[in-house]
Amino acid sequence: MGHADAEAVHDKFESVCGDLVYEKLAQLSMDGPNVNWKVFRLMQEDVEKQTGKKLLNVGSCGLHVIHNSFRDGCSAAEWDVETFLTSVRWLFKDSPAHREDYTSVTGCNSFPLDFCRHRWLENVPVVERALEIIPFVV
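Under this note's numbering, read the sequence shown as residues 45 to 182, first letter to last.
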């Protein structure tokens, strides 16, 4: 859309997502420029008119807020997820002998994936893989 103003972005959003059920809309992500803030305000008005509720405003970069919230929640729960996922990956990283022994003993050809410390919400496949292979690693 190039250098579109907020009204044009809002109209395009409405035309593309016209059948969106606003009652199930929680948050609208953006990258911070003023146009996006105005689009957020316009969407906030639409949602409030249709549902009587408001969108969750997590700031101009919602992903950072959500990532950090999830990370802090895991830390507060003392689950030590980060250490576990990093450690299980290092069992096999740069060690063909470990990988060969693991595969021959367990029959499992799946290995841990890389954990990303600053993108917690993108670690879902990493956690799913870890859950899949834990019985074999044990």
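Glycine residues also receive a C-beta, built at the ideal position from the N, C-alpha and C atoms.
As the structure is a computational prediction, the values presented were derived from the model and not from experiment.
Cβ atoms of Ala48 and Leu86 stay farther apart than 8 Å, at about 13 Å. A buried status is given to His54, since no fewer than 16 other beta-carbon atoms sit within 10 Å of its beta-carbon. Contact between the region 142 to 156 and the region 101 to 116 is absent: fewer than three C-beta pairs spanning the two stretches fall below 8 Å. Taking C-beta atoms as the reference points, Thr150 and Phe114 fail to come closer than 8 Å. Close CB contacts of Glu176 within its chain, under the 7 Å cut and outside five residues either way in sequence, are with Ser154 (chain order). Here the C-alpha atom of Gly96 lies approximately 18 Å from the C-alpha atom of Val83. For the set Trp164, Gln94, Glu89, Lys56, the Cα lying nearest the Cα of Gly117 is the one of Trp164.
Tyr66 places its beta carbon 8 Å or farther from that of Gln88.
Secondary structure at Ala70: coil, using DSSP grouped into helix, strand and coil.
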